[in-house]
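Structure record follows, encoded as structure tokens.
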Amino acid sequence: MAHQNSRDVDSFMEGLKKRNPHENEFHQAVREVATSVIPFVNENVRYRDEQIFERMTEPDRIVIFRVTWVDDEGRIRANRAWRVQFNNAIGAYKGGLRFHPSVTQSVLKFLGFEQTFKNSLTGLPMGGAKGGSNFNPRGKSDREVMRFCQSLMTELHRHIGENTDVPAGDIGVGAREIGYLFGQYKRLENEFVGTITGKGLAFGGSAGRTEATGHGCVYFGNHVLEAAGESMQGRTVGVSGSGNVALYAAQKATELGGKVITLSDSGGFIHDPDGIDAEKLAFVQDLKEVQRGRISAYADKYPAATFTADARPWAVPMQVALPCATQNELSLGDANTLIGNGVRLVCEGANMPTELDAVHALQSSGVLFGPAKAANAGGVAVSGMEQSQNAQRVSWSAQEVDEKLRGVMSDIHSQCVEYGGAEKAGDPVDYVKGANLAGFVKVADAMLSYGAV
Ligand code: NDP
5 MAHQNSRDVD SFMEGLKKRN PHENEFHQAV REVATSVIPF VNENVRYRDE QIFERMTEPD
65 RIVIFRVTWV DDEGRIRANR AWRVQFNNAI GAYKGGLRFH PSVTQSVLKF LGFEQTFKNS
125 LTGLPMGGAK GGSNFNPRGK SDREVMRFCQ SLMTELHRHI GENTDVPAGD IGVGAREIGY
185 LFGQYKRLEN EFVGTITGKG LAFGGSAGRT EATGHGCVYF GNHVLEAAGE SMQGRTVGVS
245 GSGNVALYAA QKATELGGKV ITLSDSGGFI HDPDGIDAEK LAFVQDLKEV QRGRISAYAD
305 KYPAATFTAD ARPWAVPMQV ALPCATQNEL SLGDANTLIG NGVRLVCEGA NMPTELDAVH
365 ALQSSGVLFG PAKAANAGGV AVSGMEQSQN AQRVSWSAQE VDEKLRGVMS DIHSQCVEYG
425 GAEKAGDPVD YVKGANLAGF VKVADAMLSY GAV
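Heads up: the sequence shown is residues 5 to 457, going by our numbering.
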């Protein structure tokens, strides 16, 4: 049976690659899910007979458009943007917008596909989508970013809506960009509704949304450790990235008793053996969000720290690794180094940061592994809460939102244990399988009910 399953995965992937040539990130994301779902579908033939997984790997639609804007020198510039509306079986499309030069249709398809499973895991009624542009906000003035956001929304607004598709932030789309995007949306539609999440607190944002992905990731990681009879307390923690997810993951890991020793950006990483405490984190937050500076400045400010250019932090010995920057930032070589240095937990804050062979190496060495679909679902969960608050015209307190976030992360952990639990006593929980199957079943059952749509 195992051989048959693996042949079925290979033949499924062959067809998918033919239909989606050159989309390596999308192939990688689907293969990871197919490895768990195809054996399950072979045992639960109602899904196979209705071609559910085949349909789930084909987006409902992709909108591609040109974004024309004027730079500060008065020159006309053009970028490409996409919205991938992947699956709305269980709710309106929901997923972030990414602005980064590496954005391609393949990247957004992988993100939209994963988002469908992640949103399902939250237990909230949200379908999966993703969008963005190859626009690079780095080095652009605020006015240029504003003109770009306004131009992008001038096209995007006709494809989204509070009951249709609700975008949010992602890499390169933070508070500043969301403000510009929502301001233009509101102007074009003449409506103040919660069509975008991640808004500022003054205009319909939710308390706790900024922190949610990073905090949720650490709550999830701590559940994984606790299920193995361990905890975050006293652990050395390596974090990659220094953006929204990384900074709040570092904050929560510190609050739970961990000692955070690394942060990074695309220029390199810093290692602070003394630990990056709340005061140092506040410095980084100002550096990255207000000054829009580089992480290397940390080592100038704190002489005990070192900066290593053009490298990732995984060679630094650490007990917990939280990759929170971008996809494919932790390779097989990095995984082997982490294993050699005695890592206990790798918990993904970013989307698909760990390459597939690295995931296999970690799991087969007994390292606890929390996959992104489960571990970083806290952000979209609080986005869903922002939608509920907007619809009811209420605001929940930070404490209320945090309690709900803890509840969601604990529930996701339980679902992973239910679907990825040990087949025989003593086997570890397979969180990758658990997240894939728990996310799949809800969407698949909804699709079964709809018939051929
Ligand atoms: P930010 O833009 O706030 O931060 C991204 C960080 O990652 C920056 O430090 C950036 O460095 C670094 N980075 C980006 N691209 C690369 C690269 N190619 N190589 C090395 N470093 C890189 O993004 P977020 O923190 O919001 O997102 C980080 C990850 O978390 C992404 O995978 C995103 O999809 C995922 N995620 C985010 C959620 C959210 O709520 N924001 C929700 C769920 C997942 P630099 O400044 O040099 O560009």
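Using N, Cα and C, we set each Cβ at its ideal position, and we do this for glycine too. Since this is a predicted model, take the numbers as computed values, not measurements.
Of all C-beta pairs linking the segment 160-170 to the segment 387-405, three or more are shorter than 8 Å, placing the two stretches in contact. Residue pairing by DSSP puts TYR97 in a beta bridge opposite GLY131 and ASP169.
Three or more beta-carbon pairs separated by less than 8 Å link the segment 361-379 to the segment 433-446, which places the two stretches in contact.
By the neighbour-count definition (other C-beta atoms within 10 Å, threshold 16), SER368 is an exposed residue.
The Cβ-Cβ distance between ARG70 and ALA85 falls below 9 Å. THR358 carries a strand assignment under DSSP once its states are collapsed to helix, strand and coil. Listed as beta-bridge partners of GLY374 by DSSP are CYS351. By the 16-neighbour rule on beta-carbons within 10 angstroms, ALA325 is buried. Of all alpha-carbon atoms in GLU159, GLY202, LEU192 and VAL170, the one lying nearest the alpha-carbon of ARG180 is that of GLY202. Here the segment 320-335 makes contact with the segment 240-249; the two share three or more CB pairs at distances below 8 Å. C-alpha of ALA448 to C-alpha of TYR423: approximately 15 Å in a straight line. ARG102 has its Cβ nearer than 8 Å to a heavy atom of the ligand NDP. In this structure, VAL41 lies near PHE444, with their beta-carbon atoms less than 9 Å apart. In the three-state reduction of the DSSP assignment, GLY116 falls in the helix class, which pools H, G and I. GLY382 is the residue among ILE56, GLY382 and GLU159 whose C-alpha sits nearest the C-alpha of CYS221.
Judged by pairs of C-beta atoms under 8 Å, the segment 98-106 touches the segment 176-194, as three or more such pairs exist.
Between ALA442 and LEU125, the C-beta gap is smaller than 9 Å, which places the two residues in contact.
Distances taken from the Cβ of GLN331 to the heavy atoms of the ligand NDP include one shorter than 8 Å. In this structure, LEU251 and GLN289 form a Cβ contact; the two beta carbons are roughly 6 Å apart against a cut-off of 8 Å. For ARG87, the enclosing beta strand (DSSP E) starts and ends at 80-91. Secondary structure note for LYS263: its beta strand (DSSP E) is the uninterrupted segment 263-269.
For LEU452, the enclosing alpha helix (DSSP H) stretches over residues 435-454. In this structure the segment 182-199 touches the segment 143-163; the number of beta carbon pairs closer than 8 Å is three or more. By the neighbour-count criterion, in which a residue is buried when 16 or more other Cβ atoms sit within 10 angstroms of its Cβ, ILE182 is buried.
Shortest gap from the CB of PRO375 to any heavy atom of the ligand NDP: 8 Å or more. When C-alpha distances from PRO129 are compared across TRP400, GLY353 and VAL384, the shortest belongs to VAL384. DSSP lists ALA85 and PHE103 as the bridge partner or partners of SER137. Between VAL45 and ALA211, the gap from beta carbon to beta carbon reaches 9 Å or more.
Counting only runs of 3 or more residues that sit fully inside the segment 302-344, the beta strand (DSSP E) segments are 310-313 and 324-327, in chain order. HIS26 and THR108 have their C-alpha atoms roughly 11 Å apart.
Bounds of the alpha helix (DSSP H) holding SER155 are 146-160.
With respect to the C-alpha of GLY127, the residue from ALA450, ASP415, GLU427 and LEU452 having the closest C-alpha is ASP415. In this structure, CYS328 has its CB closer than 8 Å to one or more heavy atoms of the ligand NDP.
Distances from the CB of ILE416 to the heavy atoms of the ligand NDP are all 8 Å or more. Bounds of any beta strand (DSSP E) do not take in ILE56; it lies within the alpha helix (DSSP H) bounded by 56-60. Contiguous alpha helix (DSSP H) elements confined to the segment 395-441 occur at 402-424, taking only those with 4 or more residues.
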